[in-house]
Amino acid sequence: MIQLLSDTRYLMIRALRETARQPALEIGNVFIPFFFFAVTVGAIGHVAGRAFAVDNYTAFQLPVAVLQAIAGASGTAGFGTVTDIERGYFDKLLLTPTNRFSLVLGRLASDGVRTMALTLLIVVVGLIFGSGMKSGPFGVIVLVIMGGAFGLSYSGIGMALALKTGSAQAAQLGFLVFFPLVFLSPAFAPKEVFAPWLRTLATINPVTYIVQGMRDLVLSGWDIGSLVGAFASIAGLGIFTMTLVLLALRSRTA
Amino acid sequence: MPAIAAEALAKHFTPEIRAVDGISLSIDEGTIFGFLGANGSGKTTTVRMLTTLMRPTGGHAEVLGFDVVRSPGEVRKRIGVALQEAGLDDIQTGREMLTLQSRLNHLRAADIPDRVNHLLHVVDLDDSADRRVKTYSGGMRRRLDLAAALVHRPKVVFLDEPTTGLDPISRDAIWRYVADLNKNDGVTFFLTTQYLEEADRLAGDVAIMDAGRIVAQGSPSDLKASIGTDVVSLQIEGGADELARAEQAVRRLGGIEDVRIIDDAVIVYVREGSSAIAKLVLLLDEASLRAREVTLKRPTLDDVFLQKTGHHLEAEESASRPPAKPDRGAES
Ligand SMILES: Nc1ncnc2c1ncn2[C@@H]1O[C@H](COP(=O)(O)OP(=O)(O)OP(=O)(O)O)[C@@H](O)[C@H]1O
Ligand SMILES: [Mg+2]
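Protein sequences appear in the order of chains A and B.
Numbering-wise, the first sequence is residues 1 to 254 according to my numbering.
Numbering-wise, the second sequence is residues 255 to 586 according to my numbering.
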């Protein structure tokens, strides 16, 4: 177990170093969420806030920007793995006595760390533009951890596709899953204004609870129920994606 | 206990594609084993099975007594592997890559910097150690790959075509590392190659692969001796017709072991080759045929390869061939 964690740590550091050396690849991951954040708040923030009885639509949208950033940034683990496979470096890693799971967990953890950094960045920008943070500095920490945990879980989708197909295009498909998940959640408007069918779908969508948990931290302060909901949803998603990763890993190394 | 043992080892990708079709091997510890074969003969597939990267579809294999399918972890701890396509990480530096490799092989953290420095020195990469691998030349990549295979002092090392595409200097360097490690540390090497000279020089034993099967196995000198004759090559002027007539003509000479047509030459396996040459040329002359070039040599591994598989090893032409045995040749 200790071996698994220390091997994972070394592989995570390697993946982070790779990111640090290819900063251009991060430009899109930073730019896109900020672009939509600014446009959404700027274009409809005023009317939407009034229409949905939301006092601070900037704060209301902050979690959406965070999720969007994570969905974009957490394709890197899968993409990097495809590159490793194509270069034959993955074989070299497989030939070490390292636990197989460490080989993928290292990259997933690196995505977790990157999404924590992006979450923090978005929160800081949000604060500058008046989103506020009702739960205070400790809330920022919880929000960042939530972002990292979601990032790690979410990157499992791209990783499973990468291992299964060995194709870079497939590894990027993880991003597509994000759109239905986010539009079937109260990302842009509160659930109360939804049509009944949409409300039902939103209720079974884990992203709903993650958005809600993040949003409560920003907008209304500490709400244990909502936090538990968010972390439970992330854990559920994580268990699901890690199962996919393990199955894909087995099919590759058999 | 042999270092590597295989019995009826097979990999059939499909019922038709029998990449490896039941091979048996027993390789002693402390030896260098040369695994010779042309493109597509099944060398890499064999290496991938023996190193736990690929599951056999038939037979068994053990490395240092551990079954490659049942105890892959135990095998991996004890082997070093440099695959045909040097699998490197372009974005790390050479030093970083070797350090990570050492950590994943669970070396003691305190020993790693020294070990990495030592290996960088051994493969002459001290000066480039802190450059990204992306900037390395083909020869440097091979050497780094070899170093990566050695971090944990494996007792058995698999090298899949370690010198293909390298210039003679880089090739000599790799040969030197292999020979030194084998001599000083008793490391067993399983070395695949398309270069007969490489096998001849390094390997105590060789196996010749052809279409997934081992067609000959033994020490290079035994294999050469097994031909038992000299080899006279007659390059005939003209086309297929003349070649066929030439073959008929030379068969009239007594004491011939075998005659084959390879490319534009008639190859005659005969005892006392030097005294046979004049008679062979005379026989050609009687049939109104001319030989453009006549050579006589002791059998080489190439001749063994030719005799067992019916074709040359293509890559041999481009290999560096320092003066091997002097040809006792004669121009006609
Ligand atoms: N994954 C695969 N699926 C199907 N066929 C394969 C696969 N890998 C190899 N083969 C086939 O198996 C045969 C042996 O291939 P292998 O790579 O072992 O040859 P090799 O001796 O290493 O050749 P080379 O000198 O070109 O490296 C070839 O016909 C190849 O096309
Ligand atoms: Mg090969």
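No residue lacks a Cβ here, since even glycine has one placed at the ideal position from N, Cα and C.
Predicted model only: the values in this text are computed from it and were never measured.
8 Å Cβ cutoff met for residue i and residue j
| i | j | result |
| --- | --- | --- |
| Val335(B) | Gly466(B) | no |
| Leu219(A) | Ala59(A) | yes |
| Ala530(B) | Leu507(B) | yes |
| Phe175(A) | Gly106(A) | no |
| Asn99(A) | Gln3(A) | yes |
| Leu538(B) | Ala494(B) | no |
| Glu339(B) | Gly136(A) | no |
| Leu62(A) | Gly130(A) | no |
| Arg396(B) | Ile428(B) | yes |
| Gly132(A) | Met242(A) | no |
| Ser102(A) | Leu246(A) | no |
| Ile366(B) | Thr353(B) | yes |
| Ile286(B) | Gly440(B) | no |
| Leu398(B) | Met351(B) | yes |
| Gly319(B) | Ala264(B) | no |
| His406(B) | Leu361(B) | yes |
Residues bridged to residue i (per DSSP)
| i | result |
| --- | --- |
| Met463(B) | Gly291(B) and Ile468(B) |
| Gly312(B) | Ala264(B) |
| Leu279(B) | Ala260(B) |
| Phe444(B) | Phe287(B) and Phe412(B) |
| Asp512(B) | Tyr523(B) |
| Ala53(A) | Paired residue(s): none; Ala53(A) is not in a bridge. |
| Ile490(B) | Ala545(B) |
| Val39(A) | Answer by DSSP bridge pairing: none, since Val39(A) is not bridged. |
Straight-line gap, residue i to residue j (C-alpha atoms, nearest Å)
| i | j | result |
| --- | --- | --- |
| Leu600(B) | His565(B) | The structure shown does not extend to residue 600(B), since chain B is modelled only from 255 to 586, so the question has no answer here. |
| Asp518(B) | Val469(B) | 25 Å |
| Glu415(B) | Thr447(B) | 5 Å |
| Phe240(A) | Gln172(A) | 18 Å |
| Gly238(A) | Phe231(A) | 10 Å |
| Val513(B) | Gly492(B) | 18 Å |
| Ser382(B) | Gly393(B) | 12 Å |
| Pro256(B) | Gly348(B) | 34 Å |
| Asn436(B) | Thr442(B) | 6 Å |
| Gly112(A) | Met463(B) | 48 Å |
| Ala578(B) | Pro23(A) | A caution first: Ala578(B) carries a pLDDT of 36, below 50, which makes its placement in the model unreliable, though a value can still be read off. Each residue's Cα considered, the two are about 53 Å apart. |
| Arg309(B) | Thr298(B) | 13 Å |
| Thr165(A) | Phe52(A) | 44 Å |
| Arg332(B) | Pro33(A) | 48 Å |
| Asn29(A) | Ala73(A) | 6 Å |
| Arg550(B) | Phe559(B) | Sequence inspection shows Leu at residue 550(B); the Arg mentioned does not correspond to that position. Distance between the alpha carbons of Leu550(B) and Phe559(B): 17 Å. |
| Gln489(B) | Ile85(A) | 48 Å |
| Lys388(B) | Arg525(B) | 55 Å |
| Val64(A) | Arg114(A) | 17 Å |
| Thr83(A) | Arg302(B) | 20 Å |
| Ala189(A) | Thr200(A) | 15 Å |
| Leu358(B) | Arg330(B) | 12 Å |
| Asp454(B) | Thr300(B) | 21 Å |
| Tyr431(B) | Ser251(A) | 37 Å |
| Ala48(A) | Arg21(A) | 41 Å |
| Arg505(B) | Gln471(B) | 29 Å |
Coarse secondary structure for residue i, derived from DSSP in three states
| i | result |
| --- | --- |
| Ile521(B) | strand |
| Thr96(A) | coil |
| Glu496(B) | helix |
| Ala170(A) | helix |
| Leu549(B) | Residue identity check: residue 549(B) is Thr in the sequence provided, not Leu. It is a strand residue. |
| Ala187(A) | coil |
| Arg272(B) | strand |
| Val142(A) | helix |
| Val376(B) | helix |
| Val211(A) | helix |
| Pro580(B) | Residue placement at Pro580(B) is flagged as unreliable, the pLDDT there being 37, under the threshold of 50; the coordinate-derived value follows with that caveat. Three-state DSSP puts Pro580(B) in coil, outside helix and strand. |
| Asp484(B) | strand |
| Thr241(A) | helix |
| Gln22(A) | coil |
| Asn205(A) | coil |
| His360(B) | coil |
| Met159(A) | helix |
| Leu121(A) | helix |
| Thr81(A) | helix |
| Which runs of the alpha helix (DSSP H) spanning at least 4 residues fall entirely within the stretch 306–358 of chain B, listed in chain order? | 326–332 and 348–358
| task | Output the residue ranges of the alpha helix (DSSP H) runs that lie fully inside the stretch 380–408 of chain B and measure 4 residues or longer, sorted by chain position. | result | 392–404
| query | Listed in chain order, which residues of the stretch 321–349 of chain B have Cβ atoms closer than 8 Å to some Cβ of chain D? | reply | No chain D appears in the structure shown, which is made up of the protein chains A and B.
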